[in-house]
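Okay, so here's the structure we're looking at.
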Amino acid sequence: MKDSVICTVGASLLGNIMKGSLGEEAKRFYENNNLHDLAKLLLRRNDPLNDRSLGAEINSMTSLVERGIVDFRENLFLFVSDTEEGAKIGEVLKIYFLENKHGVDFKNVQVVRIEGLKDSDEHEFKTKGLRNLVREMAKYSNQNLNRIVINATGGYKAQIAYAVALGQALKIPVCYRFERFNHMVTLPPLPITLDQEIYRKNKRVFALLDAAFDLELKDFLKMSGYRSWGEIDESLKMFLDRVHVDGKDLVALNPIALIYLESVEWDYSVIDDPIFYSQNPPEEKLVGFEIHGQKAVRKSEKIIEEISKLPWIDRLHLTGSSERHTGNGFKVSRSKDSVKIEITTEKGTLYMKAYCKYYSERFLDAVARKIEEKLREILQ
């Protein structure tokens, strides 16, 4: 059952607005930021499948629904460029698909702005924008696995290639509407698997660059155990970008590597390597424990001490406490830049955040698992 769509958003609707294809009123609404009125104007047009002035996104989404590629219209994620124009067009389309009366309405519509995805800066587009595009596509695809379709009709041409590759890695269909076609073409995942051996041989390097995002070449070589760039196997180099920025020679995973990593079974034990450890001693990691919830802190002193000893944690912040919420248990979850920890005792609940040397999603997921293991060990 498919009920969710990632739709990449380009500039076709904006171009039609600015050149007057939708009338002067549409242009005036856009320039004056009357985006709701602009969306209502679009909704009054009666042929969203074939009216090219409505843009590639509306035409292709209408085709996708009419052809039954989605069974239900639950979630629509609009991926827009990192520009003011992208954000505005995304908001117009959000209103259009929420309030649609032509049978292509969606219950939930979210605009996702892809940081760095802008053609005004070639370097940022390549090193940041495309990587973030893959990360966000993978995140929303994994959150809705087996329910999602990617509509890659709108946006930069590079998005199509990466969308197809990601669809292959995650085994999800990718749809595209060619300019001369009236309907979508579905590009199903092929019945092949990507080579896992490259990951197994180089999982330490993949984990390091996934966690650090990028490293200076000299640091990368030292931490990964290579004496020179030339020593690195070509099968691994195909997943690496080496770029010069502000006089620095940097190494990072390229977008294809990020797609490849979605297809492998991640080895969370790789963070046991000392290169992922914090250099802070346990007693210097604690922040805020002298301020909040002294009764609960005293009750949980041993637990706090053991968590602070975990080598991946740089700082352990006590962010709040409650003496009203009592009991016996814990909860651990990953947030954007830290791991959230709640510890409940008969004296109250402590709310903490563990900040680490690295904060990629996979690294924080691995640290969250380590914290859960330690808490079970202490509290059992």
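Quick note: the sequence shown uses this note's numbering, first residue 29, plus one each step.
Note that beta-carbon positions come from the ideal geometry of N, C-alpha and C, so glycine has one too.
Since residue i contacts residue j with CB under 8 Å, what's their CB separation in whole angstroms?
{"i": "Leu-92", "j": "Phe-134", "result": "At roughly 11 Å, the Cβ-Cβ gap does not stay under 8 Å, so Leu-92 and Phe-134 are not in contact."}
{"i": "Phe-241", "j": "Leu-289", "result": "Their Cβ separation, rounded to whole angstroms, is 13 Å, which puts Phe-241 and Leu-289 out of contact at 8 Å."}
{"i": "Ala-197", "j": "Ile-287", "result": "5 Å"}
{"i": "Arg-343", "j": "Tyr-383", "result": "5 Å"}
{"i": "Ile-97", "j": "Ala-193", "result": "Contact flag wrong, Cβ pair sits at about 20 Å."}
{"i": "Glu-119", "j": "Val-139", "result": "6 Å"}
{"i": "Asp-13", "j": "Gly-183", "result": "With the chain covering only 29 through 408, there is no way to say anything about residue 13."}
Among the options, which residue has its Cα nearest to the Cα of residue i?
{"i": "Ile-303", "options": "Phe-125, Trp-340, Glu-405", "result": "Trp-340"}
{"i": "Leu-121", "options": "Ser-350, Thr-90, Ala-239", "result": "Thr-90"}
{"i": "Lys-116", "options": "Glu-244, Asn-62, Leu-161", "result": "Asn-62"}
{"i": "Pro-248", "options": "Met-46, Leu-268, Lys-30", "result": "Checking the displayed sequence, the identity of residue 248 turns out to be Phe instead of Pro. Selected option, being the one with the closest Cα: Leu-268."}
{"i": "Arg-73", "options": "Leu-245, Asp-110, Lys-129, Glu-102", "result": "Lys-129"}
{"i": "Asp-365", "options": "Val-192, Ser-349, Tyr-386", "result": "Tyr-386"}
{"i": "Ile-178", "options": "Met-29, Val-202, Ser-297", "result": "Val-202"}
{"i": "Leu-41", "options": "Cys-35, Ile-34, Ser-49", "result": "Ser-49"}
{"i": "His-272", "options": "Asp-295, Ser-252, Lys-250, Lys-246", "result": "Lys-246"}
{"i": "Gln-171", "options": "Ile-200, Phe-57, Gly-275, Glu-262", "result": "Ile-200"}
{"i": "Ser-81", "options": "Glu-113, Glu-94, Ala-39", "result": "Ala-39"}
{"i": "Leu-407", "options": "Arg-390, Lys-330, Arg-159, Lys-381", "result": "Lys-330"}
{"i": "Met-29", "options": "Arg-362, Asn-174, Asn-60, Val-279", "result": "Asn-174"}
{"i": "Glu-59", "options": "Lys-381, Ser-363, Glu-112", "result": "Glu-112"}
{"i": "Gly-43", "options": "Gly-114, Leu-126, Arg-101", "result": "Gly-114"}
{"i": "Glu-311", "options": "Asp-274, Ile-123, Ala-239, Leu-338", "result": "Leu-338"}
{"i": "Gly-144", "options": "Thr-36, Val-108, Glu-401, Glu-207", "result": "Val-108"}
{"i": "Thr-36", "options": "Ile-45, Pro-76, Ile-86", "result": "Ile-86"}
{"i": "Glu-374", "options": "Met-380, Ser-349, Glu-401, Leu-278", "result": "Ser-349"}
{"i": "Glu-102", "options": "Glu-94, Phe-125, Gly-195", "result": "Phe-125"}
{"i": "Gly-253", "options": "Glu-52, Asp-301, Ile-188", "result": "Asp-301"}
{"i": "Lys-229", "options": "Glu-262, Asp-147, Leu-215", "result": "Glu-262"}
{"i": "Lys-250", "options": "Thr-155, Met-46, Val-279", "result": "Val-279"}
Return the first residue and the last residue of the beta strand (DSSP E) that residue i is part of.
{"i": "Ile-34", "result": "32 to 36"}
{"i": "Lys-357", "result": "Note that residue 357 is Gly in the sequence shown, not Lys. Where Gly-357 is concerned, the enclosing beta strand (DSSP E) stretches over 357 to 362."}
{"i": "Asn-170", "result": "Looking at the DSSP string, Asn-170 is not in any beta strand (DSSP E); the run it does join, the alpha helix (DSSP H), is 158 to 171."}
{"i": "Ala-382", "result": "376 to 384"}
{"i": "Tyr-204", "result": "202 to 204"}
{"i": "Arg-141", "result": "136 to 141"}
{"i": "Thr-347", "result": "341 to 350"}
{"i": "Leu-281", "result": "276 to 281"}
{"i": "Phe-105", "result": "103 to 108"}
{"i": "Asn-128", "result": "Note, Asn-128: premise wrong, no beta strand (DSSP E); not H, not E."}
{"i": "Leu-299", "result": "It should be noted that the sequence gives Ile, not Leu, for residue 299. Run containing Ile-299: none; DSSP gives neither H nor E here."}
{"i": "Leu-268", "result": "268 to 273"}
Going by the CB atoms, is the gap between residue j and residue i shorter than 8 Å?
{"i": "Leu-314", "j": "Ser-328", "result": "no"}
{"i": "Ala-396", "j": "Val-360", "result": "yes"}
{"i": "Ala-84", "j": "Thr-181", "result": "yes"}
{"i": "Leu-316", "j": "His-345", "result": "According to the sequence provided, residue 316 is Gly. The question's Leu does not apply to it. In this structure, His-345 lies closer than 8 Å to Gly-316 by Cβ."}
{"i": "Leu-281", "j": "Leu-243", "result": "no"}
{"i": "Val-132", "j": "Leu-106", "result": "no"}
{"i": "Asp-142", "j": "Ser-32", "result": "The identity of residue 142 in the sequence shown is Ile, whereas the question assumes Asp. Contact: no."}
{"i": "Lys-231", "j": "Asp-295", "result": "yes"}
{"i": "Leu-161", "j": "Tyr-190", "result": "yes"}
{"i": "Ala-54", "j": "Leu-71", "result": "no"}
{"i": "Thr-372", "j": "Gly-357", "result": "yes"}
{"i": "Leu-222", "j": "Ser-291", "result": "yes"}
{"i": "Leu-403", "j": "Val-367", "result": "no"}
{"i": "Arg-362", "j": "Glu-389", "result": "yes"}
{"i": "Ile-299", "j": "Tyr-168", "result": "no"}
{"i": "Leu-77", "j": "Glu-52", "result": "no"}
So residue i is in the alpha helix (DSSP H); what residue range does that whole segment cover?
{"i": "Thr-372", "result": "Note, Thr-372: premise wrong, no alpha helix (DSSP H); beta strand (DSSP E) at 367 to 373."}
{"i": "Asp-238", "result": "225 to 240"}
{"i": "Asn-44", "result": "40 to 46"}
{"i": "Gln-187", "result": "185 to 198"}
{"i": "Thr-214", "result": "Note, Thr-214: premise wrong, no alpha helix (DSSP H); beta strand (DSSP E) at 213 to 215."}
{"i": "Leu-222", "result": "Element bounds for Leu-222: n/a, residue is neither H nor E."}
{"i": "Asp-149", "result": "Premise fails: Asp-149 is in no alpha helix (DSSP H) and is neither H nor E."}
{"i": "Leu-66", "result": "63 to 71"}
{"i": "Ile-332", "result": "329 to 337"}
{"i": "Arg-397", "result": "389 to 407"}
{"i": "Asn-87", "result": "84 to 94"}
{"i": "Asp-247", "result": "245 to 252"}
{"i": "Glu-53", "result": "52 to 59"}
{"i": "Leu-145", "result": "Run containing Leu-145: none; DSSP gives neither H nor E here."}
Would you verify that the beta carbon of residue i is, or is not, closer than 8 Å to some beta carbon of chain D?
{"i": "Ala-394", "result": "This model lacks chain D altogether, as it is built from one protein chain only."}
Check whether the Cβ of residue i sits closer than 7 Å to any heavy atom of the ligand PLP, and report yes or no.
{"i": "Ser-328", "result": "Ligands displayed in this structure: none; no statement on the ligand PLP is therefore possible."}
**Prompt:** So does the stretch 204 to 216 actually touch the stretch 254 to 271, counting three or more Cβ pairs closer than 8 Å?
**Reply:** no
**Asked** Do the stretch 345 to 357 and the stretch 265 to 280 make contact, defined as three or more Cβ pairs closer than 8 Å?
**Response** no
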